[in-house]
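2 protein chains.
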Amino acid sequence: MNSTLETQLNHRSIRAFKNTRFSEETLNTLITVAQRTATSSGHQAASILRITDPKEKEAIAKICNQTYVATGAELWIFLVDQKRNHDLSLATGLEESNAGSFSRFIQGFTDAILMAQNVVVAAESLGIGTVYLGSIHNDIPQLNEILNLPDYTFAALGLAMGYPDQEPELKPRMDMALRVYENSYPSKAYTLEDFKAYDEHLATYYDLRNANTRVDSFSKQISKRYSGSSNRDNFLEEILKKGFK
Amino acid sequence: MNSTLETQLNHRSIRAFKNTRFSEETLNTLITVAQRTATSSGHQAASILRITDPKEKEAIAKICNQTYVATGAELWIFLVDQKRNHDLSLATGLEESNAGSFSRFIQGFTDAILMAQNVVVAAESLGIGTVYLGSIHNDIPQLNEILNLPDYTFAALGLAMGYPDQEPELKPRMDMALRVYENSYPSKAYTLEDFKAYDEHLATYYDLRNANTRVDSFSKQISKRYSGSSNRDNFLEEILKKGFK
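So the protein lines, in turn, are chains A and B. With our numbering, letter number 208 in the first sequence gets 208, and the count goes up by one each step, no holes. Just add 1000 to wherever you are in the second sequence, counting from 1, and you've got our numbering.
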């Protein structure tokens, strides 16, 4: 055990922040950690958009449908960014580039998410609380407009950060026996029985945190959310609209 | 500064490993860190495939076209895994699920990459060297067959880990002034001038590491690699073949 592992094993999302800004030093540290993150083929095909304008924060919080999005010290959007290397390709004399290949989208998306998680661990090691915002994808066209995103870019994930003003409990996770396989994916269908212990554990957790919130078991949550069409059925279309194919 | 940040700021890929296995405790620690990683909506839609069979390691190293892939103590493949929640949905009585929605692919891909980076930081904090393997995507159909991957899963990223038998220098990265924007994506095209300092810095680095390796500047590397069609033109097609749409 060491302090890095302790930080990682104590991860929880923070959704209430103190009204304290980050020092310049802290901000620079987080950006340098992002810079040092592993990147596919060294292409550095991801970028960070720092949202500092209060009105823009509110507009993004509205898309996310979560007021706490705008209340952190920092709100960052991690971008797939193949536009920079596309520009550079043309500047070197190429007439066109393969920046819009779907494998380039995947490359940039991977770079963006690696960077996000590295920043989260760094922030938490400094006592900062974080919450990822997949909910930026609730309205991708509107988000693109707010962020002025050009072709060969895509908003991969949002992140709100700030000093914590709450102490949530660790959220139970399913046993890793259900998630770690050896050599090949198991040829079996999962049953309700496989999730029985986790269902009971998770229901208890919600009860403890707030008597008024849902106490659905994992099975019930999944059954509800995986029923009907997803609320983001246009996802692939929105990626393709940015020039990826 | 703290030991977590020191670990992160010293990240480099390791491609030569000592012949030392991980202890059970170390292995369990890495798996528990993976378990505690943030996950979209709590769905835990990513899994880990540990490759322990020597022949299978060789087969994957061949796809990657990198011999060191098979020489680490551990070889992990991080999976998009919506199959588990799909099975669970049906087990609760649903006739179909939205596990194959493209937004579910993105959700699982994000979960997988967050988990990979969290494991990398944990491993490095324990003195373990790591290298990501995007090269598993050189032959996705062959990889799917080796791993026995069913519908609603996808191999997102590989990771080789082991105790380092080399000490590479830190690889230069472009200035973050080129990668961090505020409030909106800049309406400008990058020029060769923007990359001049980095081009010079990167060329120096390769020279120092090994006089026989390429000394291409960043601009030349990007110009070569973004020219012509990508070598992974079937990427989107391969994702769709796994039931995502």
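The C-beta atom is built at its ideal place from N, Cα and C for all residues, glycine as well.
(message) Buried or exposed for E74 (chain A), going by 16 or more other Cβ atoms inside 10 Å?
(response) Its Cβ being crowded by 16 or more others within 10 Å, E74 (chain A) is buried.
(request) Between the Cα of P54 (chain A) and those of A:F154, A:Y181, A:G72, A:F105, spot the shortest distance and give me the residue it belongs to. (result) A:G72 is the residue among A:F154, A:Y181, A:G72, A:F105 whose C-alpha sits nearest the C-alpha of P54 (chain A).
(message) For the alpha helix (DSSP H) containing E1182 (chain B), name the first residue and the last one.
(response) Careful: E1182 (chain B) lies outside any alpha helix (DSSP H), inside the beta strand (DSSP E) at 1180-1182.
(request) Please work out which residues of its chain come closer than 6 Å, Cβ to Cβ, to A1016 (chain B), disregarding the five sequence neighbours upstream and downstream, and give them in chain order. (result) Closer than 6 Å at Cβ, skipping near neighbours: D1165, Q1166.
(request) Go ahead and label D81 (chain A) buried or exposed: buried means 16 or more other beta carbons lie within 10 angstroms of its beta carbon, across all protein chains shown. (result) Buried: at least 16 other Cβ atoms inside 10 Å.
(request) Pull up the CB-CB distance for I14 (chain A) and T92 (chain A), whole angstroms please, since I reckon it's below 8 Å. (result) I14 (chain A) to T92 (chain A), Cβ: 44 Å. No contact.
(message) Using a 10 Å radius around the Cβ and a threshold of 16 neighbouring Cβ atoms, would you call N1098 (chain B) buried or exposed?
(response) Around the beta carbon of N1098 (chain B), 16 or more other beta carbons lie within 10 angstroms, which makes this residue buried.
(message) Going by DSSP in three states, L170 (chain A) sits in which element: helix, strand or coil?
(response) Note: L170 (chain A) maps to coil in three-state DSSP.
(request) Just tell me which of B:N1148, B:N1183, B:E1124, B:T1204 has its CA closest to the CA of L143 (chain A). (result) Ranking the options by Cα distance to L143 (chain A), first place goes to B:N1183.
(request) Could you confirm whether any beta carbon from chain B is found closer than 8 Å to the beta carbon of L143 (chain A)? (result) With respect to chain B, the C-beta atom of L143 (chain A) has no partner C-beta closer than 8 Å.
(request) Measure from the alpha carbon of L159 (chain A) to the alpha carbon of each residue in A:S135, A:E56, A:R36, then state which is nearest. (result) Taking each of A:S135, A:E56, A:R36 in turn and checking the Cα distance to L159 (chain A), the smallest one comes out for A:S135.
(message) I'd like the list of long-range same chain contacts for Q1066 (chain B), defined as Cβ closer than 8 Å, with 5 residues on each side in sequence excluded.
(response) Only R1015, L1133, S1135 meet the Cβ criterion.
(message) Between L1133 (chain B) and chain A, is the shortest Cβ-Cβ distance under 8 Å, so that the two count as touching?
(response) Proximity of L1133 (chain B) to chain A, defined by a Cβ-Cβ separation below 8 Å, is not satisfied.
(request) Pick out whichever of A:T37, A:I77, A:M1, A:A34 has its Cα sitting closest to the Cα of E1025 (chain B). (result) Ranking the options by Cα distance to E1025 (chain B), first place goes to A:M1.
(request) Measure the CB-CB distance between L1094 (chain B) and S227 (chain A) and report whether it falls below 8 Å. (result) Yes, they are a contact pair.
(request) Taking all protein chains shown into account, decide if E200 (chain A) is buried (16 or more other Cβ within 10 angstroms of its Cβ) or exposed. (result) Classification of E200 (chain A): exposed, given that the 10 Å Cβ count is below 16.
(message) Tell me which residue opens and which closes the beta strand (DSSP E) that G1129 (chain B) is part of.
(response) Counting along the chain, G1129 (chain B) sits inside the beta strand (DSSP E) bounded by residues 1129-1133.
(message) Less than 7 Å between C-beta atoms, sequence neighbours within five positions excluded: which residues of the same chain meet that for A61 (chain A)?
(response) A distance below 7 Å between beta-carbons, with the five flanking residues on each side excluded, links A61 (chain A) to the following residues of its chain, in chain order: T67, V69, A70.
(request) Using a Cβ cut-off of 8 Å (strictly closer), state whether L75 (chain A) contacts chain B. (result) Chain B contact via Cβ: absent.
(message) Can you tell me whether T1204 (chain B) is buried or exposed? The criterion is at least 16 other CB atoms within 10 Å of its CB, across all chains shown.
(response) Exposure of T1204 (chain B) is indicated by the presence of fewer than 16 other C-beta atoms within 10 angstroms of its C-beta.
(message) For T37 (chain A), tell me which candidate among A:R104, A:R21, A:Q107, A:V119 has the shortest Cα-Cα distance.
(response) Among A:R104, A:R21, A:Q107, A:V119, the Cα nearest to that of T37 (chain A) belongs to A:V119.
(message) Check for me: the alpha helix (DSSP H) holding T1110 (chain B) runs from which residue to which?
(response) Counted as a single uninterrupted DSSP element, the alpha helix (DSSP H) harbouring T1110 (chain B) occupies residues 1102-1125.
(message) Is there a C-beta anywhere in chain B that falls below 8 Å from the one on P54 (chain A)?
(response) Chain B, which has no Cβ nearer than 8 Å to the Cβ of P54 (chain A), makes this no.
(request) Might you give, ordered along the chain, the residues of its own chain that have their beta carbon closer than 8 Å to the beta carbon of K1224 (chain B), omitting 5 neighbours on each side? (result) D1216.
(request) Can you give me the Cβ contacts of F1235 (chain B) inside the same chain, cut-off strictly under 8 Å, excluding the 5 residues immediately before and after it? (result) Here the set comprises H1137, I1140.
(message) Between the alpha carbons of E1237 (chain B) and F105 (chain A), how many angstroms are there, rounded?
(response) In a straight line, the C-alpha of E1237 (chain B) is about 13 Å away from that of F105 (chain A).
(request) Over the uninterrupted alpha helix (DSSP H) stretch that includes I1077 (chain B), give me the two end residues. (result) Segment 1074-1081 is the beta strand (DSSP E) holding I1077 (chain B); no alpha helix (DSSP H) there.
(request) Report the option in B:A1116, B:C1064, B:F1218, B:K1057 whose CA atom is closest to the CA atom of I1048 (chain B). (result) Ranked by Cα distance from I1048 (chain B), the options B:A1116, B:C1064, B:F1218, B:K1057 are led by B:A1116.
(request) Can you pull the chain B residues whose beta carbon is under 8 Å from the beta carbon of K171 (chain A), in chain order? (result) Under the 8 Å cutoff, chain B gives G1042.
(message) Here's the rule: buried if 16 or more other CB atoms are within 10 angstroms of the residue's CB, otherwise exposed. What is L1170 (chain B)?
(response) Burial call: exposed.
(request) For chain E, find out if any of its Cβ atoms is closer than 8 Å to the Cβ of Q1117 (chain B); answer yes or no. (result) In the structure shown, chain E cannot be found, because the protein chains are A and B.
(message) Does chain B have any CB closer than 8 Å to the CB of H201 (chain A)?
(response) H201 (chain A) does not count as touching chain B.
(message) Among the candidates A:A155, A:L147, A:P172, whose CA atom is the shortest distance from the CA of H1043 (chain B)?
(response) Of the candidates A:A155, A:L147, A:P172, the one whose C-alpha sits nearest the C-alpha of H1043 (chain B) is A:P172.
(message) Quick check on T32 (chain A): does DSSP put it in helix, strand or coil?
(response) Reduced to three states, the DSSP call for T32 (chain A) is helix.
(request) Going by CA-CA distance only, name the one from A:T4, A:A189, A:G127, A:A155 that's closest to G255 (chain A). (result) No information on residue 255 (chain A) is available, as it lies outside the stretch 1 to 245 that chain A covers here.
(message) So, with DSSP's three-state summary, where would you put L1240 (chain B)?
(response) Taken through DSSP and simplified to helix, strand or coil, L1240 (chain B) comes out as helix.
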